[in-house]
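Engineer: Before I ask anything, here is the structure I am working with.
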Amino acid sequence: AQSVTQLDSHVSVSEGTPVLLRCNYSSSYSPSLFWYVQHPNKGLQLLLKYTSAATLVKGINGFEAEFKKSETSFHLTKPSAHMSDAAEYFCVVSADNYGQNFVFGPGTRLSALP
Amino acid sequence: DGGITQSPKYLFRKEGQNVTLSCEQNLNHDAMYWYRQDPGQGLRLIYYSQIVNDFQKGDIAEGYSVSREKKESFPLTVTSAQKNPTAFYLCASSYQGRTEAFFGQGTRLTVV
Numbered sequence: 003a004q005s006v007t008q009l010d011s012h013v014s015v016s017e018g019t020p021v022l023l024r025c026n027y028s029s030s031y032s033p034s035l036f037w038y039v040q041h042p043n044k045g046l047q048l049l050l051k052y053t054s055a056a057t058l059v060k061g062i063n064g065f066e067a068e069f070k071k072s073e074t075s076f077h078l079t080k081p082s083a084h085m086s087d088a089a090e091y092f093c094v095v096s097a098d099n100y101g102q103n104f105v106f107g108p109g110t111r112l113s114a115l116p
Numbered sequence: 007d008g009g010i011t012q013s014p015k016y017l018f019r020k021e022g023q024n025v026t027l028s029c030e031q032n033l034n035h036d037a038m039y040w041y042r043q044d045p046g047q048g049l050r051l052i053y054y055s056q057i058v059n060d061f062q063k064g065d066i067a068e069g070y071s072v073s074r075e076k077k078e079s080f081p082l083t084v085t086s087a088q089k090n091p092t093a094f095y096l097c098a099s100s101y102q103g104r105t106e107a108f109f110g111q112g113t114r115l116t117v118v
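Line by line, the protein sequences are chains Z and H.
According to the working numbering, the stretch in the first sequence is residues 3 to 116, in order.
According to the working numbering, the stretch in the second sequence is residues 7 to 118, in order.
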């Protein structure tokens with residue numbers, strides 16, 4: 003079975019400072035991992051994905067994440083936060099070839115203060 | 007442009023009524039999904055379909071029904087049996103295999 007833990011329900015940073023959103027996963031198989039962003043009353047947009055290629059994955063809007071198998075982690079980072087980054091972020095694991103086992107973390111709300 | 011279209015964006019339902027949420031995709035994806043999102047919570051899977059004329063229950067299927075008569079369309083009906091239907095509903099689609107899902111913009115359903 004798969005599961006996802008997002009260690010912080012809310013993260014607050016100042017604009018221009020680094021962002022770290024933490025994600026740990028559990029999977030019986032070699033997983034695919036994703037980070038999505040959701041702005042209020044909107045759908046989810048894919049930020050980046052790991053599918054067993056390079057362990058350091060670069061995404062859109064300056065975000066990146068590193069897959070660490072030994073730590074079962076897939077933390078999301080950004081060197082410098084912008085106010086437009088304020089949103090809900092979801093870590094997702096999929097370890098099934100048919101995708102019905104997309105398992106979503108509970109989300110982390112990011113606030114970016116001026 | 008390719009994508010997923012959900013309609014309507016806002017929907018109001020009276021007690022005891024059935025309502026249908028529309029989801030259409032032109033990405034040529036085989037798999038489609040319906041999720042429910044409640045405030046401060048993650049997404050919970052209602053139904054998914056891997057192929058036309060076939061669909062499977064997710065974690066919270068009670069009180070919901072779906073159909074998949076065309077590859078492009080996966081409508082969700084919220085029946086009167088769903089006791090707490092007020093929520094944000096998200097439709098998604100993907101290729102088969104462990105690829106990412108693409109999401110629509112959501113429908114916010116409110117019981118009045």
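Ideal Cβ placement from N, Cα and C applies to all residues, glycine included.
Could you give the distance in angstroms between the alpha-carbon of valine 21 of chain Z and the alpha-carbon of alanine 114 of chain Z?
Structural biologist: Roughly 9 Å separates the two Cα atoms.
Engineer: What residues of chain H sit near lysine 51 of chain Z, judged by a beta carbon separation below 9 Å?
Structural biologist: Thr105, Glu106
Engineer: Is there a Cβ from chain Z that is less than 8 Å from the Cβ of glutamine 47 of chain H?
Structural biologist: Under the Cβ distance rule, glutamine 47 of chain H counts among the residues neighbouring chain Z, one pair being separated by less than 8 Å.
Engineer: Can you tell me whether tyrosine 29 of chain Z is helix, strand or coil according to DSSP?
Structural biologist: Before going on, a small fix: residue 29 of chain Z reads as serine here, not tyrosine. Coil.
Engineer: In terms of residue numbering, what span does the beta strand (DSSP E) encompassing arginine 50 of chain H cover?
Structural biologist: 49–57
Engineer: Who are threonine 113 of chain H's beta bridge partners in DSSP?
Structural biologist: Secondary-structure assignment with DSSP links threonine 113 of chain H through a beta bridge to H:Tyr95.
Engineer: Find the nearest neighbour of glutamine 47 of chain Z within the set H:Thr116, H:Ile10, H:Tyr101, H:Ala93, judged by alpha-carbon distance.
Structural biologist: H:Ile10
Engineer: Please determine, among H:Phe18, H:Leu51, H:Arg114, H:Val118, the residue with the shortest C-alpha to C-alpha distance to tyrosine 70 of chain H.
Structural biologist: H:Leu51
Engineer: Take serine 28 of chain Z and list the residues in its own chain whose beta-carbon comes closer than 6 Å to its own, dropping the five residues that flank it on each side.
Structural biologist: Ser5
Engineer: Roughly how many angstroms lie between the CA atoms of leucine 78 of chain Z and histidine 35 of chain H, to the nearest whole one?
Structural biologist: 28 Å
Engineer: When we look at the beta-carbon of glycine 22 of chain H and count the other beta-carbons within 10 Å, is it buried (16 or more) or exposed?
Structural biologist: Here glycine 22 of chain H is exposed. Its C-beta has fewer than 16 other C-beta atoms within 10 Å.
Engineer: Can a CB atom of chain Z be found closer than 8 Å to the CB of arginine 114 of chain H?
Structural biologist: Taking Cβ atoms only, chain Z reaches closer than 8 Å to arginine 114 of chain H, which makes this a yes.
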